[in-house]
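Participant: So that we are looking at the same thing, I have put the structure below in structure tokens.
In my numbering, the protein residues as written are 2 to 114.
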């Protein structure tokens, strides 16, 4: 599942789904994340900043004590295949080459041959 508000629910997700749940943090520097949200124009700049700070604090707190895979946004954009393969390994998946290519293309549509 992916939704920013799930950042606030780590302990609840563990209770609901059990200890085998895997967490992945699509990490981005707080300032960059805030600027991106402001660019979407969903909220005022002040509300965007407050929202991102709240989510950031919750993720930092939860991730300090719980296993997770951190995927840096910049690394994902620079080498999507490598990051897809990190996800595959972390999640114990066995995708086909076509599925890996599709996942990579989803990140960077021009990268699929």
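Note that beta-carbon positions come from the ideal geometry of N, C-alpha and C, so glycine has one too.
Since we're looking at a predicted model, the values are computed, not measured.
1. Cβ atoms of residue 82 and residue 72: under 8 Å apart, would you say?
2. Please report the straight-line C-alpha distance between residue 91 and residue 22, rounded to a whole angstrom.
3. What residues match up with residue 73 in a beta bridge as DSSP calls it?
4. Give the straight-line distance between the Cα atoms of residue 93 and residue 69, rounded to the nearest whole angstrom.
5. With a threshold of 8 Å on Cβ separation, who are the neighbours of residue 77 within its own chain once the five nearest residues in sequence on each side are excluded?
Facilitator: Working from what's here:
1. no
2. 11 Å
3. 28
4. 14 Å
5. 27, 84 and 108
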